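For reference, the structure discussed in these notes is given below.
Protein chains in written order, with the UniProt record's numbering: chain A, 1 to 259; chain B, 1 to 259.
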C-alpha cells in the first residue's frame, strides 16, 4: 500500500494527448477505454506465453504489440488533429545522422549484392552443365547420322537398293517415306547365304574379330538340313548331273585293279 | 559550466543538480566495474524512484536497425497489459509515462508523432524497443536502441528513502557470475571424485580366494633326474643310404617326363 499511496501521489490527471500512451496486448483486438485513462485494451484472447528464449517469437510479439498500439492511437490522434505524417519537404534533424543512415544503406546493399552474386553463380553453373549435356547429345547424333549415311551409301554400292533416297534423307525424310516403293524391289539379288553373311558382317570390309565362332553360333544348328547333307531330299528339277565321285580309297583301288 | 558529480558524492546530490537545472524527472546511469550498467529513474523533488540493472544493450549505432525518426519528435508509448495487474508495475508505468512522453507544445519538440516505444514484461523483466512508424497501416521498422531492464528496488524518495518494493527475482551480477564459477568448479570436482572412486573400486575388487586343497591333492611332483654333463663329443651316427631312392639327377628326369 505504500506503493499505492505513492502511485496516488505521483499520478497526474492529464489529457491523453499529453501522454500518448496505449496499453494493449499484442493481439490487435483493442477495446477503447475512457478518454482520460490511457487506451486500455484488455487482451481478451489469451496470449500464448511467449517463450523469452525464442528470439524470433519474442521480437514478433513486441512488434505486434507496437502495431496494436499504433492502430489504436493513430485514429485518435487524427481526431485530435495531431499530425502523424511528416511532409516530404520537412527537413529537420533526425535521431540518426545522415552518415549513419548511409552506412546502414551500404550494408544492406552489399548484402543484397552478395546474395545476387551467389544466385548468378549458381545459375551459371547449372546452365553450363545443361549446355555440356546438350552438346554431347548433338555430337552423338551427328556421329550416328554419319554412320547411317555411310551404310546407306555402301548398300547402294553393293546394289542392294537402287534408290538414292539417302541423299535426300537429311532434308526431307517425311517426304521420302511417302515416295517410298516407287521402283519395284529386286527380290532375289544375292543368295540367302550371301545375304545372311552381309547382315552379320555388314559392309565396309573386315571388322576385327567379327568372324569368330561364339558359343551361340557354334551351338546353333538351325541351318543344318539333314536331307541336303545326306543327299536324301528330293532333287529340285534335277540339278547338275550328279557327280558321284568315288572316295579316295575307292579310286586307288580302281587304279590298282586297272593296272 | 556543467554541474558535475564526483565519484565520492552520495546519490542525493543528484537531487540538487536537478533543482539547479529545473528538472523534475531524472534518468541516471551508473556503470560499475566496466561491466554492469545500472539505471535510476526518479521523480526529482520528492517522488518515488526505481533502480534497474540494464542488460542486452544494443545502441543506435547497430547497422541492423534501419529505421530513423525526427530528433525530438513525440513518441507513442505502448505498454503490456501486465503493467496494470500489479501495483509495482502500475507505479513503474506511471513513471515511464511521465519520463518518456513529451508534452504537446514543447518548444524543443517536433510536432509529428512518428515513433513508438514499447515496454513489455517478459521473463520477469521489462523489454524496451523503439520502432519507426512508416505507414498509416502500422508497418514498423526498428530504430533502436534496445535494452532490458531488471528491476532491483523501488524507493519512496528520490535516490533514497524507504524501500517500497524489492524484486524477489533479481540476482545481482556478482552473484550470477559467482554461481557460474561455482557450477563449473562443482562439475570439475565431481569428475575428480568419480575418477577417484573408480580407482578405489579397481584396487578393492581383487577378492582373496582361499586355497582349495582338494585341487592340489593329486599333484605329485616329478622325480628329480640327475644332471648329466657331457664332456666328450658323441660319435657321429652312421648314415644309411636308401638304395631304392633314385639319385638326384634321375629324380629330375622323372619329374620332367611326368610333365
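Idealized CB from N, CA, C, for every residue including glycine. Here the structure is a predicted model, which means the values were calculated and not measured.
Is DSSP giving residue i helix, strand or coil here?
{"i": "residue 11 of chain B", "result": "coil"}
{"i": "residue 163 of chain B", "result": "strand"}
{"i": "residue 96 of chain B", "result": "helix"}
{"i": "residue 176 of chain B", "result": "helix"}
{"i": "residue 151 of chain B", "result": "strand"}
{"i": "residue 31 of chain A", "result": "Its pLDDT being 27, under 50, residue 31 of chain A is placed unreliably by the model, and nothing is read from it."}
{"i": "residue 142 of chain B", "result": "strand"}
{"i": "residue 191 of chain A", "result": "coil"}
{"i": "residue 28 of chain B", "result": "strand"}
{"i": "residue 84 of chain B", "result": "helix"}
{"i": "residue 43 of chain A", "result": "Caution applies to residue 43 of chain A, whose pLDDT of 36 falls short of 50 and renders its modelled position unreliable; the model cannot decide the point."}
{"i": "residue 157 of chain B", "result": "strand"}
{"i": "residue 245 of chain B", "result": "coil"}
{"i": "residue 21 of chain A", "result": "strand"}
{"i": "residue 165 of chain A", "result": "helix"}
{"i": "residue 20 of chain B", "result": "helix"}
{"i": "residue 125 of chain B", "result": "strand"}
{"i": "residue 74 of chain B", "result": "strand"}
{"i": "residue 229 of chain A", "result": "helix"}
{"i": "residue 136 of chain A", "result": "helix"}
{"i": "residue 132 of chain B", "result": "strand"}
{"i": "residue 55 of chain A", "result": "helix"}
{"i": "residue 254 of chain A", "result": "helix"}
{"i": "residue 98 of chain A", "result": "helix"}
{"i": "residue 260 of chain A", "result": "No statement about residue 260 of chain A is possible, as the shown extent of chain A runs from 1 to 259 and does not include it."}
{"i": "residue 5 of chain B", "result": "coil"}
{"i": "residue 231 of chain B", "result": "coil"}
{"i": "residue 111 of chain B", "result": "strand"}
{"i": "residue 122 of chain A", "result": "helix"}
{"i": "residue 9 of chain A", "result": "helix"}
Can you give me the Cβ contacts of residue i inside the same chain, cut-off strictly under 6 Å, excluding the 5 residues immediately before and after it?
{"i": "residue 276 of chain B", "result": "The question about residue 276 of chain B has no answer here: the residues shown for chain B are numbered 1 through 259."}
{"i": "residue 212 of chain B", "result": "none"}
{"i": "residue 143 of chain A", "result": "none"}
{"i": "residue 72 of chain B", "result": "108, 109, 110"}
{"i": "residue 246 of chain A", "result": "none"}
At 7 Å on the CB atoms, spell out the chain B contacts of residue i, in chain order.
{"i": "residue 138 of chain A", "result": "None at all; the shortest Cβ gap to chain B is about 51 Å."}
{"i": "residue 62 of chain A", "result": "118, 120, 127, 129"}
{"i": "residue 21 of chain A", "result": "77, 79, 97, 101"}
{"i": "residue 67 of chain A", "result": "138, 140"}
{"i": "residue 73 of chain A", "result": "76"}
Cβ of residue i versus every heavy atom of the ligand GTP: is any distance shorter than 7 Å?
{"i": "residue 232 of chain B", "result": "Absent from the structure shown: the ligand GTP. Ligands present: none."}
Name the residue from the options whose alpha carbon lies nearest to the alpha carbon of residue i.
{"i": "residue 155 of chain A", "options": "A/54, A/7, A/198", "result": "A/198"}
{"i": "residue 69 of chain B", "options": "A/50, A/140, A/230, A/95", "result": "A/95"}
{"i": "residue 46 of chain B", "options": "B/217, B/198, B/161, B/165", "result": "B/161"}
{"i": "residue 145 of chain B", "options": "B/178, B/154, B/127", "result": "B/127"}
{"i": "residue 27 of chain B", "options": "B/33, B/34, B/35, B/48", "result": "B/48"}
{"i": "residue 151 of chain A", "options": "A/164, A/6, A/245", "result": "A/164"}
{"i": "residue 131 of chain B", "options": "B/143, B/124, B/123, B/137", "result": "B/143"}
{"i": "residue 25 of chain B", "options": "B/248, B/183, B/122, B/102", "result": "B/102"}
{"i": "residue 67 of chain B", "options": "A/91, A/93, A/131, A/101", "result": "A/101"}
{"i": "residue 107 of chain A", "options": "B/72, B/196, B/105, B/63", "result": "B/63"}
{"i": "residue 287 of chain B", "options": "B/86, B/187, B/242, B/54", "result": "Past the boundaries of the shown model lies residue 287 of chain B; chain B is included only from 1 to 259, so the question cannot be answered."}
{"i": "residue 122 of chain B", "options": "A/62, A/218, A/11", "result": "A/62"}
{"i": "residue 91 of chain B", "options": "B/74, B/168, B/50, B/105", "result": "B/50"}
{"i": "residue 168 of chain B", "options": "B/88, B/184, B/256", "result": "B/88"}
Taking residue i as the query, report the chain A residues whose CB atoms sit under 9 Å from its CB, ordered along the chain.
{"i": "residue 90 of chain B", "result": "3, 4, 7"}
{"i": "residue 47 of chain B", "result": "6, 9, 10"}
{"i": "residue 143 of chain B", "result": "95, 96"}
Under 8 Å between beta-carbons, which chain B residues line up against residue i? List them in chain order, please.
{"i": "residue 84 of chain A", "result": "112, 113, 114, 133, 136"}
{"i": "residue 111 of chain A", "result": "The premise fails here: residue 111 of chain A is roughly 10 Å from chain B at the closest Cβ pair, so nothing lies under 8 Å."}
In chain order, what residues of the same chain lie with their CB nearer than 8 Å to the CB of residue i, ignoring the 5 residues before and after it?
{"i": "residue 28 of chain A", "result": "At residue 28 of chain A, the pLDDT of 41 sits below 50, so the modelled position is not reliable; the number obtained from the coordinates is stated separately. 64, 67, 68, 71."}
{"i": "residue 30 of chain B", "result": "37, 38, 39, 40"}
{"i": "residue 107 of chain B", "result": "none"}
{"i": "residue 223 of chain A", "result": "none"}
Would you mind telling me which residues of chain B sit closer than 9 Å to residue i, beta carbon to beta carbon, in chain order?
{"i": "residue 101 of chain A", "result": "66, 68"}
Quick one: list the residues of chain A neighbouring residue i, beta-carbon separation under 7 Å, in chain order.
{"i": "residue 150 of chain B", "result": "Within 7 Å Cβ-Cβ: nothing; residue 150 of chain B doesn't reach chain A, min ~13 Å."}
By the criterion of Cβ-Cβ separation under 8 Å, what are the contact partners of residue i in chain A?
{"i": "residue 123 of chain B", "result": "52"}
{"i": "residue 83 of chain B", "result": "23"}
{"i": "residue 94 of chain B", "result": "7, 10, 11"}
Apart from the five residues just before and just after residue i, which ones in its own chain have a Cβ nearer than 7 Å to its Cβ?
{"i": "residue 6 of chain B", "result": "none"}
{"i": "residue 133 of chain B", "result": "114, 115, 116, 140"}
{"i": "residue 13 of chain B", "result": "5"}
Report yes or no: do three or more beta-carbon pairs, one from the segment 139 to 150 of chain B and one from the segment 80 to 91 of chain A, lie closer than 8 Å?
In short, these stretches do not touch, since the Cβ pair count stays below three.
Taking three-plus beta-carbon pairs below 8 Å as touching, is the segment 58 to 70 of chain B in contact with the segment 80 to 97 of chain B?
Not touching, per the Cβ criterion.
Does the segment 109 to 120 of chain B come close enough to the segment 74 to 94 of chain B that 3 or more CB-CB pairs lie under 8 Å?
The segment 74 to 94 of chain B, when compared against the segment 109 to 120 of chain B, does touch it at the 8 Å Cβ threshold.
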